[in-house]
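First to last, the protein sequences are chains A and B.
At position 197 of the first sequence (counting the first as 1) the number is 1395 in my numbering, and the numbers step up by one without a gap.
At position 74 of the second sequence (counting the first as 1) the number is 1272 in my numbering, and the numbers step up by one without a gap.
So the structure is just underneath, and the comments pick up after that.
There are 2 protein chains.
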Amino acid sequence: MSLLYLDRSVAYRGGVTKPQQRRRTAKERILLAADDLFYSEGIHSVGIDRVIAHAGVAKGSLYYSFTGKDELVHEYLTHRHGKWAERVTEGIESHADPRARVLAVYEVLGALFAEPDYRGCAFMNAIGEAAPDSVEARAAMTFRSWVHKLFLDLATDVGSAEPQQLADTLVLLYDGAVATAQMDNAPEAARTARRTAELILDNAMCASVEADANDGMPSPLVGEVSETG
Amino acid sequence: MSLLYLDRSVAYRGGVTKPQQRRRTAKERILLAADDLFYSEGIHSVGIDRVIAHAGVAKGSLYYSFTGKDELVHEYLTHRHGKWAERVTEGIESHADPRARVLAVYEVLGALFAEPDYRGCAFMNAIGEAAPDSVEARAAMTFRSWVHKLFLDLATDVGSAEPQQLADTLVLLYDGAVATAQMDNAPEAARTARRTAELILDNAMCASVEADANDGMPSPLVGEVSETG
DNA sequence: CATTGTTTAGACCGATGTGTATAACTAACA
DNA sequence: TGTTAGTTATACACATCGGTCTAAACAATG
């Protein structure tokens, strides 16, 4: 099939002036295909034969570009992480008010949930089918660190008295929205999370004011709760 | 190995007077092994050879008791559903006050998260690695219906003005706790969820009172929120 | 005792899994 | 022009997958 190669030659040269038009590298196409299939069907459910078929690429190209499926999985997850972080950051940076910046995260979530092929958090899904010390688990840990830092920074900027506690709650609302949206196919979970976040923010502010006024007396929000477990 | 059969004969007879001591049926042991392995390592990651080895049972016994892996997966999930529903119901029924009954769910969650082998929601994990129209997806739908009915009933009993909206939020907190606890290995997520639920309940009650007082004016909780997605 | 339902061990099947090997071709570049 | 990196097609090795089959042993019951 010299036609394919002709196509490719055009693509390679075009990269200098119009990089977005060039034919994708085999590695890129493999990663795109893996992203598509792993996310929509699960990592263990998709064999490399499916991946290369979907990418329109020879098996040799996969093992030329990646050491094996593990590395492909790792790059799939880091790719997901990067794209999502970029998207969330964009949403946050479009607002100046600290409170609006917090709520922006749930609005980005809402947009994500509305996408027809939304199938939950890639890291959550990956962890659910992987061993504790796997590539998936490690990538998920990195992702979670990012999530926590994100919300802790936002909670700090918002001026909460207990930024860590506020951040924990915001993370919980984030995870809840993600999980509910997936399991119930319910994009409106983002709204529910956002609405609850507003309530939490109001109360966190209120609590800090109360704490100032009450001279250190623990507010209801901060007070210890009896837990059975 | 006649020893094995001797063992089994003792077990079978003992069933009448001391049913808890009898040797388990092959089917029971298979289901237990499947429950253990599927939950801790994922369904696709565990082959039937692993299951029968873990159960200490011959392969023929599996296909004598189940039509195939699909049926085993189905029974694994319905078994999980039943056990969890029982546990939650117990926790709820130990309280009379409607508000305490709601919070009891998050206390049961806290106890679950504290178990050393907690690895998230079996249905969430199953869905994450399964096709949209699979056995897993169907079992998950049934489970989710139960979850929603649970919280809608609780929200109604608590006397909220908008029980459906309250229920949606409680479900989101439930899912958030489950997901956060798994991904961060953070059992304290149950507390965070419980604390937030208390806040929501206060506000829901407050809102209904306000609604009565304000003669139909929408309270902040009920008001529409601008959503981007 | 004979029957019936349950369980075992193990051989076996075809399909699919990841990964390797080879030989040829293309494209870019020195 | 020759070299090298990237890519293709294909065959193959080897393990594991879900599942079938058989022959035999055991257990409970009538």
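Every residue gets a Cβ at the ideal spot worked out from N, C-alpha and C, and that includes glycine.
By alpha-carbon distance to A:L1399, the top candidate from A:D1355, A:Q1380, A:A1379, A:N1383 is A:D1355. With a cutoff of 9 Å on beta-carbon distance, B:E1273 and A:E1327 are scored as not near each other.
Counting other Cβ atoms within 10 Å of its Cβ, B:A1388 reaches 16 or more and is therefore classed as buried. Put simply, of A:H1252, A:F1236, A:A1298 the residue whose alpha carbon is nearest the alpha carbon of A:R1278 is A:F1236. With respect to the C-alpha of B:M1381, the residue from A:G1280, A:V1345, A:A1294, A:V1303 having the closest C-alpha is A:V1345. Any Cβ of chain B closer than 9 Å to the Cβ of A:G1266 would place that residue at the interface, and such an atom is absent.
Nearest C-alpha to B:L1348 among B:V1300, B:A1335, B:A1384: B:V1300. Using a 10 angstroms sphere on the CB of B:D1247, the tally of other CB atoms stays under 16, which defines it as exposed.
The shortest CA-to-CA distance from B:T1276 to any of B:T1394, B:A1324, B:A1298 is the one to B:A1324. Taking C-beta separations shorter than 6 Å and ignoring five residues to either side along the sequence, the partners of B:V1376 in its chain run C1319, following chain order. Residue environment analysis places A:E1284 among the exposed positions, since fewer than 16 neighbouring C-beta atoms fall within 10 angstroms of its C-beta.
Per DSSP, the continuous alpha helix (DSSP H) segment holding B:D1234 begins and ends at 1224-1239. Residues of the segment 1321-1332 of chain B whose Cβ lies closer than 9 Å to any Cβ of chain A, in chain order: F1321, M1322, N1323, A1324, I1325, G1326, E1327, A1328, A1329, P1330. Shown in chain order are the members of the segment 1235-1254 of chain A whose Cβ falls below 8 Å from a Cβ of chain B: E1239, G1240, I1241, H1242, S1243. Taking the beta carbon of B:A1375 as reference, the chain A residues within 7 Å of it are L1370, listed in sequence order. The beta carbon of B:D1234 is closer than 7 Å to those of H1252 in its chain, skipping five residues each way along the sequence.
By the CB criterion at 9 Å, B:A1224 and B:A1256 fall inside the cutoff. Near chain B, meaning a CB-to-CB distance below 7 Å, the residues of the segment 1339-1356 of chain A are R1342. Taking C-beta separations shorter than 7 Å and ignoring five residues to either side along the sequence, the partners of A:V1369 in its chain run V1345, H1346, F1349, following chain order.
Looking at the backbone, the Cα of B:L1307 and that of B:R1297 are separated by about 16 Å. Taking 9 Å as the cut-off, the Cβ atoms of A:R1392 and B:T1367 do not count as close.
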